[in-house]
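Chemist: Mind looking over this structure? Questions follow.
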Amino acid sequence: MTAGLAKLSLNQKTVNSCSVPEVVELCRTHGIGSVGLWREPVAEHGLEATAALVREAGLRVSSLCRGGWFTATGPAFDEAIASNRAAIEEAAALSADCLCLVVGGLPDGSRDLVAARDQVARALELLVPYASEHQVKLALEPMNPIYAADRGVLSTLGQALDLAAPYAPDQVGVMVDTFHVWWDPQLAEQVARAGAEGRILSYQVCDWITPLPADSLLARGMMGDGHIDFASIGTLVAGAGYTGDIEVEIFNADLWAADPTEVVDTMVTRFAELCAPYAGQ
23 MTAGLAKLSL NQKTVNSCSV PEVVELCRTH GIGSVGLWRE PVAEHGLEAT
73 AALVREAGLR VSSLCRGGWF TATGPAFDEA IASNRAAIEE AAALSADCLC
123 LVVGGLPDGS RDLVAARDQV ARALELLVPY ASEHQVKLAL EPMNPIYAAD
173 RGVLSTLGQA LDLAAPYAPD QVGVMVDTFH VWWDPQLAEQ VARAGAEGRI
223 LSYQVCDWIT PLPADSLLAR GMMGDGHIDF ASIGTLVAGA GYTGDIEVEI
273 FNADLWAADP TEVVDTMVTR FAELCAPYAG Q
């Protein structure tokens, strides 16, 4: 296995029908050294059981998905903070490299993006001390602007880095996800900034496919099936000093319906061709 391929991580969503034990077994049989876990299937299998299974398999946990959803109002905001504290505890138990934060879209009936982003800042003020106590890094995930209304009011790496700036790099950083950032005309500058600040906590890859499906959440494709230049983005991320795992996270109905072993076979091949050569050392 090349040094670049050794950095491959299988995000659980790529094989959405699989349980935690099945995902761990897919990693084992394909020689994948890291896994990205999701809270719901972890809870189904059991937190302690998952931590033990991953540990016994010799896997790293590249991320835990997900925390966030900070833009709710009233009691729902307090519930989000409580849920995120629980997510922090889970990330600590799993020794996850970071907790992914999908910050949330506009509150119902609101058109005020500025206020929604301010609320994300308020949530960080409440959560960073708790995360630091548990030695968990919080990774802000900027999302493609098509999701600003319902899923993520942070649309660019620049916005995410501005929110992270008040905190130490080992407290709050960013996720660089090719699906969400490939379009950004300031991508090179912001990836370099993130690297200089030591804030790249996760690098995720998948492709942008067209035409978009009716459910835009499922618009991700296998690397090589769409429009993203993985060599360019991979070179930027490696040049910024990132040497961690590279996580493949794909939301795609056709892939979810396919044989998980075949999906991972293709993923490993495409990663070796399109991503590993630019993974850095």
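Going by the working numbering, the letters in the sequence shown line up with residues 23 to 303, in that order.
We treat Cβ as the ideally placed atom computed from N, Cα and C, and that holds for glycine.
In terms of alpha-carbon separation, which member of Ala-73, Ser-41, Leu-86, Leu-75 lies closest to Arg-61?
Modeler: In the sequence shown, the residue the question calls residue 61 occupies position 39. Arg-61 has its Cα closest to that of Leu-86, out of Ala-73, Ser-41, Leu-86, Leu-75.
Chemist: What separation, rounded to the nearest whole angstrom, lies between the Cα atoms of Pro-43 and Cys-120?
Modeler: If you number the sequence shown from 1, residue 43 lands on position 21. If you number the sequence shown from 1, residue 120 lands on position 98. Looking at the two C-alpha atoms, the distance is approximately 21 Å.
Chemist: Identify every residue that forms a DSSP beta bridge with Gln-226.
Modeler: What you label residue 226 is simply residue 204 of the sequence shown in a count that begins at 1. Note: Gln-226 sits in a beta bridge opposite Asp-199, Glu-269.
Chemist: Would a C-beta distance cut-off of 8 Å place Lys-29 and Glu-271 closer than the cut-off?
Modeler: As a working note, residue 29 is residue 7 in the sequence shown. As a working note, residue 271 is residue 249 in the sequence shown. Not in contact: Lys-29 and Glu-271 (Cβ atoms no closer than 8 Å).
Chemist: Please name the residue, chosen from Phe-99, Ala-190, Arg-221, Ala-114, that lies closest to Asp-130 on a Cα-to-Cα basis.
Modeler: Within the sequence shown, residue 130 is the residue found at index 108, counting from 1. Looking at the Cα atoms, Phe-99 is the closest of the given residues.
Chemist: Apart from the five residues just before and just after Thr-178, which ones in its own chain have a Cβ nearer than 8 Å to its Cβ?
Modeler: The residue labelled residue 178 in the question sits at position 156 within the sequence shown. For Thr-178, where only same-chain residues beyond five positions count, the Cβ hits under 8 Å are Pro-164, Val-203, Asp-206, Gln-208, Gln-212.
Chemist: How would you label Gly-55, buried or exposed, when you count the other beta carbons within 10 angstroms and need 16 or more for buried?
Modeler: Locating residue 55 in the sequence shown gives position 33, counting from the first residue. Counting Cβ neighbours within 10 Å, Gly-55 comes out buried, since at least 16 surround it.
Chemist: Please work out which residues of its chain come closer than 6 Å, Cβ to Cβ, to Asp-199, disregarding the five sequence neighbours upstream and downstream, and give them in chain order.
Modeler: For the purposes of this step, residue 199 is taken as residue 177 along the sequence shown, with counting starting at 1. For Asp-199, where only same-chain residues beyond five positions count, the Cβ hits under 6 Å are Gln-226.
Chemist: Please report the distance separating the alpha-carbon of Ser-39 from that of Val-45.
Modeler: Indexing the sequence shown from 1 puts residue 39 at position 17. Indexing the sequence shown from 1 puts residue 45 at position 23. The straight-line gap from Cα to Cα measures roughly 9 Å.
Chemist: On the three-state DSSP scale, how would you describe Ser-84?
Modeler: Looking up residue 84 in the sequence shown gives position 62. Strand.
Chemist: Which of the three DSSP states, helix, strand or coil, is assigned to Arg-242?
Modeler: Sequence index remark: in the sequence shown, residue 242 carries index 220 (1-based). Note: Arg-242 maps to strand in three-state DSSP.
Chemist: Determine, using beta carbons only, whether Arg-82 and Asp-267 come nearer to each other than 8 Å.
Modeler: Position 60 of the sequence shown, counting from 1, holds the residue named residue 82. Position 245 of the sequence shown, counting from 1, holds the residue named residue 267. The answer is yes: Cβ separation under 8 Å.
Chemist: If we ignore side chains and look at the alpha-carbon of each, how far apart do Gly-180 and Arg-173 end up?
Modeler: For the purposes of this step, residue 180 is taken as the residue at position 158 of the sequence shown. For the purposes of this step, residue 173 is taken as the residue at position 151 of the sequence shown. So the two alpha carbons sit approximately 18 Å from each other.
Chemist: I'd like to know whether the C-beta atoms of Val-125 and Val-142 end up nearer to each other than 8 Å.
Modeler: Walking along the sequence shown from the start, residue 125 turns up at place 103. Walking along the sequence shown from the start, residue 142 turns up at place 120. A contact, by the Cβ cut-off of 8 Å.
Chemist: If you drop the 5 nearest sequence neighbours on each side, which residues of the same chain put their C-beta closer than 7 Å to that of Leu-234?
Modeler: Within the sequence shown, the letter at position 212 stands for residue 234. Once the five neighbours on either side are set aside, the close Cβ partners of Leu-234 are Ala-241.
Chemist: Which residues in the same chain as Leu-27 place their Cβ atom closer than 6 Å to its Cβ, once the five residues preceding and following it in sequence are excluded?
Modeler: Here the question's residue 27 lines up with position 5 in the sequence shown. For Leu-27, where only same-chain residues beyond five positions count, the Cβ hits under 6 Å are Ala-294, Ala-298.
Chemist: Could you please give the first and the last residue of the uninterrupted alpha helix (DSSP H) stretch that includes Gly-217?
Modeler: As a working mapping, residue 217 is identified with position 195 in the sequence shown. Note, Gly-217: alpha helix (DSSP H), 209 to 218.
Chemist: Give the list of continuous beta strand (DSSP E) stretches no shorter than 3 residues that lie fully inside the region 142 to 175.
Modeler: 160 to 162
Chemist: Using the beta-carbon count (16 or more within 10 Å), is Glu-66 buried or exposed?
Modeler: Reading the sequence shown from its first residue, position 44 is the one you call residue 66. Result: exposed.
Chemist: DSSP on Gly-127, reduced to helix/strand/coil?
Modeler: Start at 1 with the first residue of the sequence shown, and residue 127 comes out as number 105. In the structure shown, Gly-127 sits in coil (DSSP, three-state: anything other than H, G, I, E or B).
Chemist: Does DSSP put Val-38 in a helix, a strand or coil?
Modeler: Translated into positions along the sequence shown, residue 38 becomes position 16. Reading the sequence as shown, one finds Asn at residue 38 and not Val. In this structure, Asn-38 counts as coil in the three-state DSSP scheme.
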